[in-house]
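Undergrad: In this note's numbering, the protein residues as written are 382 to 435. Using N, Cα and C, we set each Cβ at its ideal position, and we do this for glycine too. Pasting a structure below so you can have a look.
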């Protein structure tokens, strides 16, 4: 957690300055893409382990 996350917790989105709105959208998208990547990586690892076990 960082200062931006804290701000987004307590200040309504509509009251944020434009640069912070852009940052909030960027961080949200980045975090979602990272989560998708990690879920895909985890699924691939499980498949690989299942194949190795036979």
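For residue 421, which three-state DSSP category applies?
TA: It is helical.
Undergrad: Is residue 401 helix, strand or coil by DSSP?
TA: In this structure, residue 401 counts as helix in the three-state DSSP scheme.
Undergrad: Determine the contact status of residue 402 and residue 394, defining contact as a CB-CB distance below 8 Å.
TA: Contact: yes.
Undergrad: Nearest-angstrom Cα distance between residue 433 and residue 408?
TA: Straight-line Cα distance between these residues: approximately 37 Å.
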